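Peer 1: Input: one structure, supplied below.
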Amino acid sequence: MTRFDELLHKGYWQSFEVEEVLFEEKNDLQHLVIFQSPSHGRVLALDNIVQVTEADNFFYHEMLAHLPIIAHGAVTEVLIIGGGDGGTLKEVLRHPGVQATLVEIDQAVVDLCVKYMPSVSAGAFDDPRCDLVIADGLKYVAETDKRFDIIIVDSTDPVGPGEVLFSESFYRDCKRCLKPGGLLATQNGVPFFQPEEVTTTYGRLNPIFEDVWFFQTPVPTYVGGMMTLAWATDDPSLRHQPVEDLVERFVASGITTRYYTPGIHWGSLHLPPYITDMMDQA
Ligand code: SAM
């Protein structure tokens with residue numbers, strides 16, 4: 003393979019030059035490939051959809067981890083569904099005093115990313131505060147008796163094993179697993195190319211939670227403009243905090259970042275009409 007072509011949308015592709023294929027296999031869950039590219043470093047694709055690159059994963063992992071934790075302000079327990087590359091886990095565990103449970107359906111993703119893309123997880127799976135569970139996230143939230151302040155769904159798109167993580171029953175069980183005042187944040191695609199994901203997710207979450215919204219982040223390899231991440235909580239005040247409070251918490255965390263800032267946090271929750279129009283269609 004000298005080029006990796008990703009079909010992003012009917013009639014629209016992005017391509018990576020492939021210097022070397024480091025690993026490729028199809029297991030009973032999905033096709034996995036990790037390749038070396040001159041532009042993005044090492045790249046993981048699952049079922050031919052780019053999941054994470056060494057070069058730009060910080061945009062996504064910082065926003066998916068820090069925005070909910072800083073918004074909540076008193077997090078001790080985080081559940082990550084998916085996220086087998088360990089990038090979200092790494093960012094979550096940068097917060098002192100936080101325990102993380104990561105539920106990933108495919109052990110191979112964890113093993114391959116630790117072996118071939120170690121910079122993404124940076125040892126997070128070895129952190130004693132990490133509890134790694136290899137299971138279907140749908141089943142886990144239906145059965146666990148643990149409760150969490152934050153649930154982060156860092157899943158593939160709603161195809162293959164990831165499809166169930168966009169279902170109403172999954173969202174209802176996520177709510178069951180949240181402590182009072184908890185917050186759910188989910189990967190929700192690029193609305194320019196996947197408008198139906200905003201409309202569908204909003205329609206499914208709205209009857210279940212008091213406050214359902216989205217926050218945005220650019221992720222260069224998730225082509226098509228801003229990516230939306232879904233937000234759901236029974237505490238509407240979490241979305242309307244003054245940026246000064248966010249600054250105070252972020253400074254107190256002692257964390258340094260490359261994309262997330264309290265100002266970006268505040269701005270990412272202010273959505274443009276092309277996205278709120280998709281919500282209105284739910
Ligand atoms: N950043 C990526 C994105 O935005 O699309 C997600 C990356 S992460 C590698 C996605 C992970 O979700 C994969 O490792 C995949 O195996 C996992 N996954 C898919 N369906 C799942 C399920 N039902 N339960 C748990 N993990 C699942």
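Per our numbering, residue 3 is the first one in the sequence shown, and the count goes up by one each step. Each residue gets a CB set at the ideal place from its N, CA and C atoms; glycine is no exception. Just so it is clear, the structure is predicted and the values come from calculations on it, not from any experiment.
Closer than 6 angstroms by C-beta to P70: which residues in its own chain qualify, once you throw out the five before and the five after it? Chain order, please.
Peer 2: Working through the sequence shown from its first residue, we reach residue 70 at position 68. Once the five neighbours on either side are set aside, the close Cβ partners of P70 are I152, L185, A187.
Peer 1: Hey, how far is the Cα of E79 from the Cα of Q243?
Peer 2: Counting from one through the sequence shown, the residue named residue 79 turns up at place 77. Counting from one through the sequence shown, the residue named residue 243 turns up at place 241. The straight-line gap from Cα to Cα measures roughly 21 angstroms.
Peer 1: Have a look at L91 and H97 and give me their C-alpha separation to the nearest angstrom.
Peer 2: Residue 91 sits at position 89 when you count from the first residue of the sequence shown. Residue 97 sits at position 95 when you count from the first residue of the sequence shown. Answer to the nearest angstrom: the Cα atoms are 11 angstroms apart.
Peer 1: Ignoring anything shorter than 4 residues or poking outside the region 119-183, list the alpha helix (DSSP H) runs there in chain order.
Peer 2: List check, alpha helix (DSSP H) in window: 120-123, 139-145, 170-179.
Peer 1: Taking 7 angstroms as the limit between beta carbons, can you name the residues of its chain near L271, skipping five residues before and five after?
Peer 2: If you number the sequence shown from 1, residue 271 lands on position 269. Once the five neighbours on either side are set aside, the close Cβ partners of L271 are W215, F217, R241.
Peer 1: Whose CA, out of R131, E19, S17, lies closest to the CA of E93?
Peer 2: For the purposes of this step, residue 93 is identified with residue 91 of the sequence shown, where counting begins at 1. If we check each option's Cα against that of E93, R131 comes out closest.
Peer 1: Would you call H267 buried or exposed, if buried means 16 or more other Cβ atoms sit within 10 Å of its Cβ?
Peer 2: In the sequence shown, the residue the question calls residue 267 occupies position 265. That one is buried.
Peer 1: Report the rounded CA-to-CA distance for F150 versus D108, giving the unit in angstroms.
Peer 2: Here residue 150 corresponds to residue number 148 of the sequence shown, with the count starting at 1. Here residue 108 corresponds to residue number 106 of the sequence shown, with the count starting at 1. Approximately 22 angstroms between the Cα atoms of the pair.
Peer 1: Taking Y118 as the reference, give the member of V54, W15, G205 with the closest Cα.
Peer 2: Taking the sequence shown and counting its residues from 1, one reaches residue 118 at position 116. Cα-wise, what sits closest to Y118 is V54.
Peer 1: Grab me the residues of H11's own chain with a C-beta within less than 7 angstroms of its C-beta, minus the 5 sequence neighbours each way, in chain order.
Peer 2: Locating residue 11 in the sequence shown gives position 9, where the first residue counts as 1. These residues qualify, in order along the chain: F195.
Peer 1: Which runs of the alpha helix (DSSP H), 4 residues or longer, sit entirely within the region 194-243?
Peer 2: Runs of the alpha helix (DSSP H) inside the region 194-243: 197-207.
Peer 1: May I have the straight-line CA-CA distance separating F172 from D58, to the nearest angstrom?
Peer 2: To locate residue 172, count along the sequence shown from 1; it is residue 170. To locate residue 58, count along the sequence shown from 1; it is residue 56. Each residue's alpha carbon lies about 29 angstroms from the other.
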